[in-house]
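Residue numbers (this note's numbering): 69 to 285.
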């Protein structure tokens, strides 16, 4: 199977901004994103594709700051697009006279190839998005329970375990989150990795404890 992530860049603002480029060359940012993207599991498995717009600013050293999502698809794709832009911090070549107060808009177009998505309709994708959004609330209820487990009432965990089963959050899923976290460690994205490891812990699992101890002190 092959993953394809297509990136389009739109630079808005002064003439100096039109001179912005990645330190590795004209196509450097596109190559960077193609190499670093970790397509989120639900979106990959349900053929969710489209464009996330990220707005950000660069300081005189090419460091990313003030980054945010301005056009959304689904929270996990939004978060991946935002993560990638932040990971690009320090890799930009900023020209003399660059206006560091002006935002750069990066539309990131996520597109899957080789995942049997050709037969999926737009309606199928929208149904999957609605399903994800409905399940997101249940996932948050699990997270809140384990964050405050010392306040749990007798028998309440059994209800939470039933929700986890309903959501398909089992050891296979949690190990996939850990694998994604380890990939992010290799990319130098400690923050993103620790978020994955902490998610596993907040699902009531100890599978990621060794990685939290090693990387996330």
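Positions of the beta carbon are idealized from the N, C-alpha and C atoms, including for glycine. Predicted model only: the values in this text are computed from it and were never measured.
DSSP beta-bridge partners of residue i
| i | result |
| --- | --- |
| residue 123 | 136 and 173 |
| residue 100 | Per DSSP, none; premise fails for residue 100. |
| residue 90 | 93 and 160 |
Closest by C-alpha distance to residue i, when choosing among the options
| i | options | result |
| --- | --- | --- |
| residue 267 | 130, 208 and 282 | 208 |
| residue 237 | 203, 217 and 255 | 203 |
| residue 93 | 260, 170, 184 and 162 | 162 |
| residue 171 | 124, 281 and 177 | 124 |
| residue 156 | 256, 111, 193 and 165 | 256 |
| residue 206 | 140, 132 and 229 | 229 |
| residue 129 | 187, 182, 121 and 164 | 164 |
| residue 98 | 153, 190, 223 and 282 | 153 |
| residue 159 | 131, 194, 217 and 148 | 131 |
| residue 249 | 217, 110, 195 and 283 | 283 |
| residue 242 | 109, 150 and 96 | 109 |
| residue 41 | 225, 253, 258 and 274 | This structure cannot settle anything about residue 41, because the visible part of the chain is limited to 69 through 285. |
Cβ-based neighbour list, residue i, same chain, cut-off 6 Å, excluding 5 preceding and 5 following
| i | result |
| --- | --- |
| residue 272 | 214 |
| residue 119 | 175 and 177 |
| residue 89 | 161 |
| residue 74 | Only weak support exists for where residue 74 lies, its pLDDT of 40 falling under 50; the value from the coordinates is given anyway. Excluding residues within five positions, the ones whose Cβ falls inside 6 Å are 177 and 179. |
| residue 251 | 106 |
| residue 149 | 120, 122 and 176 |
Cβ-based neighbour list, residue i, same chain, cut-off 8 Å, excluding 5 preceding and 5 following
| i | result |
| --- | --- |
| residue 270 | 210, 211, 214 and 215 |
| residue 277 | 269 |
| residue 169 | 125 |
| residue 280 | 262, 265, 266 and 269 |
Boundaries of the alpha helix (DSSP H) in which residue i is found, first to last residue
| i | result |
| --- | --- |
| residue 260 | 258-269 |
| residue 241 | 239-255 |
| residue 200 | 190-215 |
| residue 279 | 277-283 |
| residue 142 | From DSSP, residue 142 is part of no alpha helix (DSSP H); its letter is neither H nor E. |
| residue 233 | 224-235 |
| residue 111 | 109-113 |
Residues near residue i in its chain [Cβ-Cβ closer than 7 Å; skip 5 each side]
| i | result |
| --- | --- |
| residue 197 | 116 and 142 |
| residue 139 | 119, 120 and 121 |
| residue 231 | 206, 209 and 210 |
| residue 134 | 124 and 125 |
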